[in-house]
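1056 is the number of the first residue of the sequence shown in this note's numbering; add one for each residue after it.
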Amino acid sequence: MSTTTIEKFIEGIPKTELHLHIEGTFEPELMFEIAKRNNKKIKYSSVGELKKAYSFNNLQEFLDIYYAGANVLITEQDFYDLTWAYLTKVHEQNVVHVEIFFDPQTHTDRGVSFETVIKGIYRALEDSRDQLGISFKLIMSFLRHLDEASAFKTLEQALPYKKWISAVGLDSSEVGNPPSKFERVFEKARDEGFIAVAHAGEEGPAAYIWEALDLLKITRIDHGNRCLDDDQLVKRLAELQIPLTLCPLSNLELKVVTDLRDHPIQEMMKKNLLVTVNSDDPAYFGGYMNENYIETAKALDLSKKQITQLVINSFKASWLSNEEKEKRIAEIEEYSQNN
Ligand code: ADE
Ligand code: ZN
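Structure, rendered in structure tokens:
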């Protein structure tokens, strides 16, 4: 298929996004606008200067800038505007279902209430469901560089909003903060009825993926690239069809891979792993969903059949009902036959 045909095919196919940090959608233009209305200072003098700082050698260098950016978010309206901007953007890209992370501790540690954060995000999600037809799930992620007590406190704060939150996750600085640090928090979260997911094997070793599975009892892995270091692990993930939410452009920008042509997604498909394409922090990594699919398809010369499989994988890996999944998959198969 020619490049333009592949692009058109990807742009038109209905997609779902399963690995997206709402704080990672904060575009510099909106950041400056919100900083101004909140009288908050940004370290950089202009949008252009800020964008120049988006060059990272590893996860931590990115996280330092990402947390600094989030500092200007103060009011419920700020969280609404941030979320609404993301949803309208992906609506244009034919994304029809999203399962998104928010990091409450990034805000509560600065004195912004849990209620302010979740109400702004949730109202935007409801509006996009009603006005744009995007269905959604919300995942509350614990920051793994903070301690267990802080995660427990966050879980307590979330309980009054249990109906709005489908799952708990684990993100931030991976190496040195293994899943085992949060075993008891995740046990309590699961007892409260939350689904469990965790970032594992992005920079950290395959052992962290084992821990996430065995100790946190997660049902979906965020990233998981490093599973390829361990044949036994690959076998288990394939047998149980545990989804991996991969983020190709994020991996490139954070030097998890040095070239997109070396991205393991195709190899993982061949090993029968349930892999999916996602954007992670699109405002920082140069692309939303379509760009992630397009750049990956070009770099690895993916076929139309492989692209279709990846899109179907995402719906399979989502938390939509079986009925909704079947409907979406039938729609994708029909699209793929006709385009
Ligand atoms: N928080 C936002 N993006 C992240 C990533 N790629 N890894 C870990 N924590 C994150
Ligand atoms: Zn992530």
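Where is the CB? At the ideal position from N, CA and C, for every residue including glycine.
On a predicted model such as this, the values are computed, not experimentally measured, just so you know.
What does DSSP give as the partner residue(s) for residue 1278 in the beta ladder? 1255
So residue 1172 packs on residue 1075, CB below 8 Å; how close in whole Å? About 16 Å separates the two Cβ atoms, so there is no contact after all.
If distances are taken between C-alpha atoms only, which option among 1116, 1079, 1122 and 1114 comes closest to residue 1097? 1122
Inter-residue Cα distance where the pair is residue 1295 and residue 1285: 16 Å
Can you name the residues that DSSP bridges to residue 1193? 1155
Less than 7 Å between the CB of residue 1104 and some heavy atom of the ligand ADE, yes or no? Outside the cutoff, so no.
Identify the continuous alpha helix (DSSP H) that holds residue 1080 and give its terminal residues. No alpha helix (DSSP H) holds residue 1080; DSSP gives it neither H nor E.
Identify which residue in 1143, 1174 and 1225 has its Cα closest to the Cα of residue 1278. 1225
Continuous beta strand (DSSP E) stretch holding residue 1224: start and end: Per DSSP, residue 1224 belongs to the beta strand (DSSP E) from 1222-1226.
Quick one, which of 1089, 1194 and 1348 has its alpha-carbon nearest residue 1273's? 1194
Distance, Cα to Cα, residue 1188 vs residue 1070? 13 Å
With a threshold of 16 other CB atoms inside 10 Å of the CB of residue 1376, please say whether the residue is buried or exposed. exposed
Between residue 1188 and the ligand ADE, is the CB less than 7 Å from at least one heavy atom? no
Nearest-angstrom Cα separation, counted from residue 1233 out to residue 1203: 12 Å
Closer than 6 Å to the ligand ZN: residues, by C-beta to nearest heavy atom, in chain order: 1074, 1076, 1226, 1254, 1277 and 1335
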